[in-house]
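In the working numbering, the protein residues as written are 62 to 354. Presented below is the structure to which this report refers.
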Ligand code: MN3
């Protein structure tokens, strides 16, 4: 469909003239986006180096408005949003959205850390796991949990990658579900009884858990986990190893990789661990505890 020479886009601040030429100059027919910042009402090639999240959002909004105002324009440049959106994982494993807003855990865990941790680190584990199964198609039908629960049974060429990326995917999926806004209210019932039996008091548990979290050298996790008989205990794992790899079930887990806290807490891991207790979703922990192994 031919494009008009001039499009009535005065509401952008600058009329978009010679749209057709601009598109040709960019050597793309669809991968253009509208830069709607004041004074910059123009088309740019999708991979322009100035591309950033803010302008992408503006472009999305503009495209949505333009879809109503000028179907002709959108027909000609329908890929404004998709071209600029981050690459979604391709493969059987998916990155679920956070179960709450990125700022839900403020001030204990800051929004920026959550965005990067989920949108980049966790996404990288999902992508990594998808890459493994492109080379090992027989593994694609298994769940991440199945994959990491019996690492030794995997082909040797897949083992390390599944351990790292599969572990990372399982651990982080667990971690987001474990946390909530206004969390930290101590549990009651059988879980509290088990904690008191094992650690003397609830504060005794917190002290032991904190000690274990600080003792992880380098990157890893500290856990409250239970064995098949339901006995609880504290353990630590290196890198993205999971209690599941040792046949135990994680109940509480804290990510002590620096990416989990460095933006806000820098080297003060102890402050992060203390803050973490304020966002634990103990109802979820209690469910995991009472669920038969
Ligand atoms: Mn992490």
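Note that beta-carbon positions come from the ideal geometry of N, C-alpha and C, so glycine has one too.
Open item on the list: For residue 262 and residue 354, I'd like the C-alpha separation in whole angstroms.
Closed with: Rounded to the nearest whole angstrom, the C-alpha separation of residue 262 and residue 354 is 25 Å.
Task: Where residue 161 falls, given that 16 or more other Cβ within 10 Å makes a residue buried - done: Classification of residue 161: exposed, given that the 10 Å Cβ count is below 16.
- [ ] My understanding is that residue 212 touches residue 231, with C-beta atoms under 8 Å, so please give their C-beta distance in whole angstroms.
- [x] 12 Å between Cβ atoms; not a contact.
Task: Same chain, Cβ closer than 8 Å to residue 177, neighbours up to 5 away in sequence not counted - done: Exclusion of the five residues before and after residue 177 leaves 320, 324 as the residues of its chain whose Cβ lies within less than 8 Å of its Cβ.
- [ ] Provide the residue(s) that pair with residue 286 in DSSP beta bridges, ordered along the chain.
- [x] The partner list for residue 286 (beta bridge, DSSP) reads 294, 311.
- [ ] Return the CA-CA distance between residue 139 and residue 192, expressed in angstroms with no decimal places.
- [x] Residue placement at residue 139 is flagged as unreliable, the pLDDT there being 33, under the threshold of 50; the coordinate-derived value follows with that caveat. Counting only the Cα atoms, residue 192 lies some 30 Å from residue 139.
Open item on the list: Taking the alpha-carbon of residue 235 as reference, which of 217, 290, 205 has the nearest alpha-carbon?
Closed with: Among 217, 290, 205, the Cα nearest to that of residue 235 belongs to 205.
Task: Exercise answer, beta-carbon shell around the ligand MN3 heavy atoms below 6 Å - done: Those satisfying the condition are, in chain order, 178, 182, 233, 316, 318, 320, 321.
Open item on the list: If the criterion is Cβ atoms closer than 9 Å, does the pair residue 189 and residue 243 meet it?
Closed with: In this structure, residue 189 keeps its C-beta atom at 9 Å or more from the C-beta atom of residue 243.
Open item on the list: At the level of alpha carbons, what is the spacing between residue 348 and residue 292?
Closed with: Computed Cα separation, rounded: 15 Å.
- [ ] Indicate whether the contact test is met: 3 or more Cβ pairs, each with one atom in the region 299–308 and one in the region 264–276, closer than 8 Å.
- [x] Cβ pair count under 8 Å is below three, so no.
Open item on the list: Is the beta carbon of residue 216 closer than 9 Å to that of residue 343?
Closed with: Annotated as distal: residue 343 and residue 216, with beta-carbon spacing of 9 Å or more.
Open item on the list: Which residue wins for smallest C-alpha separation from residue 240, given the options 339, 350, 351?
Closed with: Selected option, being the one with the closest Cα: 339.
Task: residue 316, DSSP secondary structure in three states - done: The DSSP-derived three-state label of residue 316 is strand.
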